[in-house]
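If you count the sequence shown from 1, position 477 lands on 477 in the working numbering, and the numbers rise without skipping.
Below is one structure, written out as structure tokens; comments come after it.
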Amino acid sequence: MSSESLSFIVQNLNSPPFNCNTSLIAFDLWSPTTLLQQLSDVISWITQTNNIDVTKETAEETALRILYQLKILKYKPPSDIEELEEWRAGLVEGAKRSIYPVLLYIFSNIDMLKQRAYLAKFLVKETHARVMDVQQDSMLIEDIRSDLKAMEVEKEVLARKIEKTFKKIQNLPSLERQMAAASELRLQKERQGELNMQRSEQRDGIIHAEKKLQRLKDQLNELRIASENIDPSNMIAQLQDEIMTNKYLVDTKLSKEIEHMRQVVGELARVYNMPAIDQSDISKLQTEVDAKTNKIMLLEKERDKTEENTDENFSIFRHQAATVERRKNTIAQKLQEARQELSRLEQHVEQKKQVLKSTTGSEVMSAHQFKMYVNRVRDKKGAYKKKKMNIEELQTEREVLLRTMDLLAKKFEALKEKIENMGGEVLENQSISTVRRPRTAAPKSSNVEELKTLVKELMHDLDERREQISVLKKAHKGRQDEFNEENDLVRGKQAEYERRHAQVESGYEELKQMVDSMEQRQEVAVKTIPDLEQQIADVDSKLEVLDGGDPENEETQLKIQLEEEQHLSEQLAQRSSSDVGDLNAARQQMLMWRGLLTMFEAKIFTTKEKIHGNMEHSLGD
Numbered sequence: 001m002s003s004e005s006l007s008f009i010v011q012n013l014n015s016p017p018f019n020c021n022t023s024l025i026a027f028d029l030w031s032p033t034t035l036l037q038q039l040s041d042v043i044s045w046i047t048q049t050n051n052i053d054v055t056k057e058t059a060e061e062t063a064l065r066i067l068y069q070l071k072i073l074k075y076k077p078p079s080d081i082e083e084l085e086e087w088r089a090g091l092v093e094g095a096k097r098s099i100y101p102v103l104l105y106i107f108s109n110i111d112m113l114k115q116r117a118y119l120a121k122f123l124v125k126e127t128h129a130r131v132m133d134v135q136q137d138s139m140l141i142e143d144i145r146s147d148l149k150a151m152e153v154e155k156e157v158l159a160r161k162i163e164k165t166f167k168k169i170q171n172l173p174s175l176e177r178q179m180a181a182a183s184e185l186r187l188q189k190e191r192q193g194e195l196n197m198q199r200s201e202q203r204d205g206i207i208h209a210e211k212k213l214q215r216l217k218d219q220l221n222e223l224r225i226a227s228e229n230i231d232p233s234n235m236i237a238q239l240q241d242e243i244m245t246n247k248y249l250v251d252t253k254l255s256k257e258i259e260h261m262r263q264v265v266g267e268l269a270r271v272y273n274m275p276a277i278d279q280s281d282i283s284k285l286q287t288e289v290d291a292k293t294n295k296i297m298l299l300e301k302e303r304d305k306t307e308e309n310t311d312e313n314f315s316i317f318r319h320q321a322a323t324v325e326r327r328k329n330t331i332a333q334k335l336q337e338a339r340q341e342l343s344r345l346e347q348h349v350e351q352k353k354q355v356l357k358s359t360t361g362s363e364v365m366s367a368h369q370f371k372m373y374v375n376r377v378r379d380k381k382g383a384y385k386k387k388k389m390n391i392e393e394l395q396t397e398r399e400v401l402l403r404t405m406d407l408l409a410k411k412f413e414a415l416k417e418k419i420e421n422m423g424g425e426v427l428e429n430q431s432i433s434t435v436r437r438p439r440t441a442a443p444k445s446s447n448v449e450e451l452k453t454l455v456k457e458l459m460h461d462l463d464e465r466r467e468q469i470s471v472l473k474k475a476h477k478g479r480q481d482e483f484n485e486e487n488d489l490v491r492g493k494q495a496e497y498e499r500r501h502a503q504v505e506s507g508y509e510e511l512k513q514m515v516d517s518m519e520q521r522q523e524v525a526v527k528t529i530p531d532l533e534q535q536i537a538d539v540d541s542k543l544e545v546l547d548g549g550d551p552e553n554e555e556t557q558l559k560i561q562l563e564e565e566q567h568l569s570e571q572l573a574q575r576s577s578s579d580v581g582d583l584n585a586a587r588q589q590m591l592m593w594r595g596l597l598t599m600f601e602a603k604i605f606t607t608k609e610k611i612h613g614n615m616e617h618s619l620g621d
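Structure below.
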């Protein structure tokens with residue numbers, strides 16, 4: 001079973017009133033007992049009966065109950081005997097191959113099966129049929145009411161339209177004449193419609209007559225072909241056999257049947273004319289029947305004795321003759337029944353032909369016509385397949401061409417953009433004047449000489465046109481060569497342009513990186529300029545202070561400061577010696593004063609160098 005069918009079964013089992021809450025995998029893992037119980041519950045739900053626990057029933061009871069209910073629901077089991085036995089055994093055992101199709105059939109026809117199970121309780125279903133008819137009639141009544149309401153609404157709309165139209169045209173001076181013309185037009189249109197209908201009917205009649213004529217021609221051809229192959233001896237033999245058969249039926253079989261029917265009718269008439277029968281009459285008849293039976297048995301015994309005394313060969317022949325007679329009667333009976341069935345079928349076919357002729361106007365085709373029709377259909381099918389293949393190839397080629405057109409359009413846009421970027425210009429398609437070819441007309445004259453002259457002139461014109469075409473071909477060849485050379489040159493230029501464009505792009509990228517790095521360096525330099533200017537200003541101020549004073553005075557001042565600092569350091573040393581406990585602070589203080597001493601020594605050295613430089617400068621001057 002397909003996965004879609006299993007999904008459909010699981011979906012219905014998960015819905016109310018079952019609510020199994022299962023999946024395809026879980027449903028596939030159900031045990032046979034669970035499957036059989038679920039099938040029983042589903043059938044009970046359809047038949048509106050109480051659920052039955054299959055574990056409390058015997059296998060025979062479960063099988064009989066389920067098979068009886070499936071018979072009511074008109075489930076069609078397998079037709080083959082072996083498959084049927086296998087299906088019944090699987091149904092009792094809870095096999096998937098037997099239960100899954102039943103569940104699919106039930107869930108696919110729920111409403112119909114519920115109605116069938118409900119009607120199975122009643123012997124006569126006429127009341128239900130009348131109820132269904134009443135329901136359909138009520139539905140028809142509702143439809144008629146809705147149609148009447150719609151017609152009333154449409155009537156009101158038409159009345160308003162007529163009123164508006166009448167208000168518009170009531171002041172027209174030629175209203176009567178126009179109304180008469182409109183009525184005449186309507187009559188003519190109705191007449192035209194009737195004529196069109198008559199024409200279509202006549203056309204259909206002509207078509208039917210042509211079809212009938214063609215069919216009769218085909219039948220005539222068939223009869224002619226059959227008449228060519230007819231053997232008179234075979235026909236005579238068939239007729240003789242048929243005559244002998246009919247003679248046997250009339251003389252032997254039908255006469256015996258008629259005699260038997262007469263006897264039956266006589267017996268029935270005698271019984272009908274008899275007075276009322278009581279128990280004594282019945283006893284008397286029973287006695288007569290017993291006597292007749294005993295007499296028949298005695299006669300059979302006497303016959304057997306006489307047959308024993310006769311020759312056995314004659315007995316065998318009599319038995320064979322009796323057997324042949326019985327077979328003959330049986331075959332005659334079958335032949336008679338077959339003829340009756342044939343006549344019945346011929347009448348039925350004739351009725352169908354009459355119905356077909358009355359409805360469509362055509363007749364049933366013969367076997368030869370049907371064969372010809374099948375051959376035509378086969379030829380058309382082959383032609384259809386070829387044309388379908390050609391259409392598919394054309395569609396594929398169309399898709400390829402559309403894709404090619406898209407690619408060419410994109411390439412054209414890209415090429416156009418490149419040409420415009422290079423400073424060029426793209427020329428649009430120019431309209432080319434086409435020379436219309438004159439149509440070939442009939443000759444104006446039927447004179448042979450004039451026609452010969454006309455042909456010679458045409459041949460002369462044709463030669464001139466050929467010479468012109470050869471000259472044009474040569475020019476076209478030269479132009480084509482020039483075009484190829486120019487095209488090669490353009491391709492070379494384009495390749496050179498692409499190469500240089502790539503070089504320019506690579507150089508542009510390098511220059512762009514250099515410019516970015518230089519811009520970053522410039523930003524850093526711009527940010528550091530104020531700091532450097534401040535440092536230069538500080539140094540200039542210090543130099544101005546140094547240049548503006550007396551060097552000897554400065555040296556003296558520096559020495560005095562140095563002595564003061566040394567004196568201060570000695571005091572601090574003495575203080576530090578007195579305060580031995582704070583050793584870390586003393587060390588830091590010592591380091592600080594040593595740095596200060598180094599700074600003053602550096603200043604003195606700088607001042608001495610500056611004084612020495614000024615003295616050399618003055619001596620030089």
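C-beta atoms are modelled at their ideal positions from N, C-alpha and C, and glycine is treated no differently.
Apart from sequence neighbours up to five positions away, the residues of its chain that approach Asn51 with a beta-carbon distance below 6 Å are Asp41 and Ser44, ordered along the chain. Remark: C-beta atoms of Ala322 and Leu249 do not approach each other more closely than 7 Å. Within the model, the alpha-carbon separation for Ile296 versus Arg303 is close to 10 Å.
For Tyr248, the enclosing alpha helix (DSSP H) covers residues Pro232 to Tyr248. Gly94 sits buried, since 16 or more C-beta atoms from the chains shown fall within 10 Å of its C-beta. Between the stretch 269 to 289 and the stretch 366 to 386 there are fewer than three inter-stretch CB-CB distances shorter than 8 Å, so the stretches are not counted as touching.
Annotation: the continuous alpha helix (DSSP H) that includes Pro101 extends over Lys96 to Ser108.
In the DSSP annotation of this structure, Glu57 is not part of any alpha helix (DSSP H), being labelled neither H nor E.
For Met274, the secondary structure class from DSSP, reduced to helix, strand or coil, is coil.
Pairwise C-beta distances place the stretch 54 to 65 out of contact with the stretch 101 to 110, as fewer than three of them are shorter than 8 Å.
Apart from the 5 residues on each side of it in sequence, Pro78 sits with its Cβ closer than 7 Å to the Cβ of Leu84 and Trp87 in its chain, given in chain order.
Here Met514 has no same chain residue with a Cβ atom under 8 Å from its own Cβ, once five neighbours each way along the sequence are excluded. With contacts defined as CB atoms closer than 7 Å, Ser5 and Leu104 qualify as a contacting pair. DSSP, reduced to helix, strand and coil, places Asp488 within a helical segment of the structure shown. Taken atom to atom, the span from the alpha-carbon of Cys20 to that of Asp28 is near 13 Å.
Sixteen is the threshold: since fewer than 16 other Cβ atoms of the shown chains lie within 10 Å of the Cβ of Ile206, the residue is exposed. Judged by beta-carbon spacing, Ala117 lies within the 7 Å limit of Thr47, meaning their Cβ atoms are closer than that value. Cα atoms of Val455 and Asp461: separation of roughly 10 Å, rounded to the nearest angstrom.
Taking all protein chains in view, the Cβ of Gln37 is crowded by 16 or more other Cβ atoms within 10 Å, so the residue is classified as buried. Under the DSSP assignment, Pro32 falls in the alpha helix (DSSP H) whose first and last residues are Pro32 to Thr47. A direct Cα-Cα distance of roughly 10 Å separates Ser200 from Gly193. Across the structure, Lys164 and Asn171 are spaced so that their CA atoms are roughly 13 Å apart. In this structure, the straight-line span from the alpha carbon of Asp281 to that of Asn329 is close to 38 Å.
Of the other Cβ atoms in all chains shown, fewer than 16 fall within 10 Å of the Cβ of Val504; this residue is therefore exposed.
Less than 7 Å divides the Cβ of Leu73 from the Cβ of Leu113. Look at Asp80 here: in three-state DSSP terms it is coil, with no helix or strand label.
The Cβ atoms of Leu562 and Phe600 sit closer than 7 Å to each other.
Secondary structure at Ala525: helix, using DSSP grouped into helix, strand and coil. In the three-state scheme derived from DSSP, where H, G and I count as helix and E and B as strand, Ser174 is classed as coil.
Asn19 carries a coil assignment under DSSP once its states are collapsed to helix, strand and coil.
For Asp28, the enclosing alpha helix (DSSP H) begins and ends at Leu24 to Asp28.
The residue among Glu450, Tyr384, Glu486 and Leu35 with its C-alpha nearest the C-alpha of Val92 is Leu35. Non-local C-beta neighbours of Thr22 in its own chain, meaning closer than 7 Å and more than five positions away in sequence, comprise Val10, Leu13 and Asn14, ordered along the chain. In this chain, the alpha helix (DSSP H) harbouring Leu13 covers Ser3 to Asn14.
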